[in-house]
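Written below as structure tokens is the structure these notes are about.
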Amino acid sequence: MPQLSPYRRLFRLPGTRAFTAGNLIARLPMGMFSVSAVVMIAGSRGSYALAGAVTATGLAATALVAPWTARLVDRHGQARVALPATVIAVLGSLCLLLCVRHDAPDWTLFASYAATATTPNTGGMSRARWAHLLAGDPKALHTANSFEQAADELCFMLGPVLAAFLCGAFFPEAGTLVGAVLLLTGMVLFTTRRATEPPVRAQIPGKAPLRAPGIPPLLAVCLAMGAVFGATEVVTLAFADAQGRQSAAGVVLALQAAGSCGAGLLYGAGKPAGPAAARLPWCVAAMAALLTLPLLAAALTGSLLALAGALLVAGMATAPTMVTTMTLVQERTPEGRLNEGMTLAVTGLLGGIACGSAIGGWTVEHLSPTAGYVVPVTAASVALALSLRGASKSLHRYPHTPLTPSGPPHTFDRRSASTSCAGRVGTPT
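Structure follows, in structure tokens:
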């Protein structure tokens, strides 16, 4: 297939297959931990409220800790920081397992799950390696960015299914246990591949990414898009439950991720036209338009099968939108602070997921599951308005200088970098 040729060229580079294998093994558990924790805690304590509160605490802790972990990775290197941080996170998962198993007080569950917030942004570190290897080749970097986004979607498609299988077929703690083993194993394989690791600077110049020009508006877009993901997940679960087919909800959501995965690979095989700042509003507009399909399917047919098809199509706008958004984040992140910039974007997504889940849940409870699909459409519309405003400001500020991976020459220097979407399910990647 000619569409695969750009990807074949990527993996001909020395060391790329090795670090990608480790990265994928470490990234798969990111789609497992949240589902495993809910099944494990709700099964032993008989309270979904407690399970939800514990996972929400982990989400909040991740939003606070992840940028600091990423800053340490930028300053001291992936191998020196990521592996110890992963060990702490794995110990937190094992502690949670033991506390649930031995009926420890509820507060120990919160403390244990909060410790998993040190999990490094695995996808971001992989994208940083691609940026280092492909500096000066924006077309190849675009392909690598799209591959990483498709990998995110694949992991979040398979992770929940694997977690549900392990917890149901063996014992409730099996999902958490296997996830912890995979995370540690994958991170060891990834960090030991030192040849492809980006070099570390003793002194990192420039502003913090949060204060860099153009970054705060992008974080606002990430917040709105996170609300799309969070609301869609909760509302789909509620819709399937109302149809008496709650067990099928995971498959329906997996179809949405599958649509995004396929679209991401196709998007990476092509060469997008124009600067990312100009492309972003078009991508978000496509997302907002396609998200009306699940709303129409739920309202007009009430069929879970029709909803599944609508979500499959709607998911096709996700990967191109995320690739373009995070390409802008990479362009505007000061040199030497790539992991921190990418992790701030993931933090924005996580915050949006939490808000979208809460608003979607309230809408379902007080109105109906069908009405709940208005929430992701509204959130996508907000993201569109924010991206249009940001694009107008960017093109006005740099009317003759397209935003490329090398960035505007009169702002700040930066290495080419890549995209990150992680954590679309309340767990960091």
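In my numbering, the protein residues as written are 248 to 676. Using N, Cα and C, we set each Cβ at its ideal position, and we do this for glycine too. Since the model is a prediction, treat every value here as computed from it, not as a measurement.
Exercise for the section: Indicate whether Pro284 and Thr479 have their beta-carbon atoms separated by less than 8 Å. Expected result: This sequence places Ala at residue 284; Pro is not what is there. It is not a contact, given that the beta carbons lie outside the stated cut-off.
Exercise for the section: Measure the alpha-carbon distance for Val435 versus Leu512 and round it to whole angstroms. Expected result: 27 Å
Practice task
Measure the C-alpha to C-alpha separation of Ala536 and Gly607 and round it to an integer number of angstroms.
Solution key: 19 Å
Handout entry: His613 classed as buried or exposed, judged by whether at least 16 other C-beta atoms fall within 10 angstroms
Key = exposed
Exercise for the section: Have a look at Thr333, Ala618, Tyr360, Leu413 and flag the residue whose alpha-carbon is nearest the alpha-carbon of Cys342. Expected result: Tyr360
Exercise for the section: Within the same chain, show all residues whose beta-carbon is closer than 6 Å to that of Pro686, passing over the 5 residues directly before and after it, in chain order. Expected result: The structure shown does not extend to residue 686, since the chain spans only 248 to 676, so no value can be given for it.
Practice task
State yes or no: is the C-beta of Gly599 within less than 8 Å of the C-beta of Ala310?
Solution key: no
Practice task
With distances taken Cα to Cα, identify the nearest neighbour of Leu466 among Tyr620, Ala398, Thr594.
Solution key: Thr594
Problem - Boundaries of the alpha helix (DSSP H) in which Met573 is found, first to last residue - result: 565–579
Problem - Whole-angstrom distance between Leu554 and Ala544, CA atom to CA atom - result: 5 Å
Problem - Candidates Leu319, Phe258, Leu470: closest to Asn586 by CA position - result: Leu319
Practice task
Please confirm if the stretch 348–358 is in contact with the stretch 553–570, defined as three or more CB-CB distances below 8 Å between the two stretches.
Solution key: no
Exercise for the section: Please go through the same chain and pick out, in chain order, the residues whose beta-carbon is closer than 6 Å to the beta-carbon of Gly433, but skip the five residues on each side of it. Expected result: Gly269, Ile272, Ala273
Practice task
Would you list, in sequence order, the uninterrupted alpha helix (DSSP H) runs of no fewer than 4 residues that lie entirely inside the stretch 481–531?
Solution key: 496–516
Exercise for the section: Can you say whether Thr439 is buried or exposed, counting buried as having 16 or more other CB atoms within 10 angstroms of its CB? Expected result: exposed
Practice task
Helix, strand or coil for Thr439, going by three-state DSSP, please let me know.
Solution key: coil
Problem - Local Cβ density within 10 Å of Ala442, reported as buried at 16 or more and exposed below that - result: exposed
Practice task
Determine the DSSP secondary structure at Ala544, reduced to helix, strand or coil.
Solution key: helix
Exercise for the section: Determine the closest residue to Val301 out of Thr363, Ala501, Glu582, with distance taken between C-alpha atoms. Expected result: Thr363
Problem - Three-state secondary structure assigned by DSSP to Arg259 - result: coil
Problem - Endpoints, alpha helix (DSSP H) assigned at His389 - result: 385–416
Practice task
Under the assumption that Gly371 contacts Thr590 (Cβ atoms under 8 Å), give the Cβ distance between them as a whole number of angstroms.
Solution key: 6 Å
Problem - Reference His389; option with closest CA among Val334, Gln503, Ala375 - result: Ala375
Practice task
Report the rounded CA-to-CA distance for Phe476 versus Arg322, giving the unit in angstroms.
Solution key: 32 Å
Practice task
Please name the residue in Leu409, Asn368, Asn392 whose C-alpha comes closest to that of Ala378.
Solution key: Asn392
Exercise for the section: Please confirm whether Pro456 and Gly588 have their CB atoms less than 8 Å apart. Expected result: yes
Problem - Spatial distance of Pro646 from Leu527 (CA atoms) - result: The pLDDT assigned to Pro646 is 44, lower than 50, so where the model puts this residue is not dependable; a value taken from the coordinates is nonetheless given after this. Their backbone Cα atoms lie some 17 Å apart in a straight line.
Handout entry: Contact belief for Ala627 with Met534 at Cβ below 8 Å, rounded distance in angstroms
Key = 5 Å
Practice task
Quick one: residues in its chain with C-beta nearer than 7 Å to the C-beta of Gly473, no 5 flanking neighbours on either side, listed in chain order?
Solution key: Gly595, Leu596, Leu597, Gly598, Gly599, Ile600, Gly603
Practice task
Please report how far the alpha carbon of Ala332 lies from the alpha carbon of Ala265, in whole angstroms.
Solution key: 21 Å
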